[in-house]
Amino acid sequence: EQYIQNKAQLGGLDLTVKKSIEKAHLDFSMTSSITLGQNIDSKQALPDIPPFEINPGLSWTTELKRNKTLGLSIDYQYLAKAWFYPVDQVVAPPPSAAHLVNASAELMIRTKKFFSMKIIAECQNLTNHRYRTYLNRWRYYANEVGIQPTLKILSFF
2 EQYIQNKAQL GGLDLTVKKS IEKAHLDFSM TSSITLGQNI DSKQALPDIP
52 PFEINPGLSW TTELKRNKTL GLSIDYQYLA KAWFYPVDQV VAPPPSAAHL
102 VNASAELMIR TKKFFSMKII AECQNLTNHR YRTYLNRWRY YANEVGIQPT
152 LKILSFF
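In my numbering, the protein residues as written are 2 to 158.
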């Protein structure tokens with residue numbers, strides 16, 4: 002079958018909110034995004050558009066002795082179930098919503114005048130929630146990665 006071009010309408014919204022409480026060294030942030038797409042001729046949703054996502058987080062930073070800075074953060078990630086998708090093209094239904102908790106700690110060390118280093122330890126999906134995103138729903142036997150710890154060492158010259 003040959004590809005047929007259709008008229009489509011796309012729209013979306015990205016939102017970022019940040020608030021700092023300087024006396025407590027706390028930063029609150031929230032990011033959210035939604036994208037919608039529709040075939041203008043058939044009035045149906047476009048396939049493979051990511052669903053609504055929201056990600057609030059809280060971080061704490063403090064200065065330590067000897068030119069060191071410590072930062073701790075935790076965030077929550079909500080991946081909604083896709084609700085705006087082409088119903089007549091559903092072979093693999095949209096997966097359920099997912100609730101994820103992520104945490105990280107970072108230590109910034111300034112050693113010399115022109116050199117510093119940052120050590121970051123983070124863990125995604127702390128609750129080991131089994132989930133699948135809408136765009137990966139075709140992977141029938143493979144969920145997203147469970148608990149995902151990472152260690153990063155960055156050097157700045």
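We put the CB at the ideal spot given by N, CA and C, even for glycine.
If you draw a straight line from the Cα of Y86 to the Cα of A93, it comes to about 11 Å. The residue from E2, E54, K8 with its alpha-carbon nearest to that of T134 is E54. Membership of W61 in the beta strand (DSSP E) is indicated by the continuous run 54-65. With the rule of 3 Cβ pairs closer than 8 Å, the region 25-33 does not count as touching the region 2-11.
Here the alpha carbon of L152 sits roughly 9 Å from the alpha carbon of C124.
Shown here, Q45 sits in coil according to DSSP, grouped into three states, outside any helix or strand. Taking every protein chain shown into account, the CB of N68 has fewer than 16 other CB atoms within 10 angstroms, so this residue is exposed. Shown here for A122: same chain residues with a beta carbon closer than 6 Å to its own, the five before and five after excluded, namely A106, L152 in chain order. Note that the C-beta distance between L101 and I120 is not below 8 Å. DSSP lists K20, L59 as the beta-bridge partner residues of F29.
If the five residues before and after L37 are omitted, its C-beta is found closer than 6 Å to the C-beta atoms of G12, F85, all from its own chain and listed in chain order. About 5 Å separates the beta carbon of P52 from that of A81, a gap short enough to meet the 8 Å contact definition. As DSSP reads the structure, T151 sits in a beta bridge with E123.
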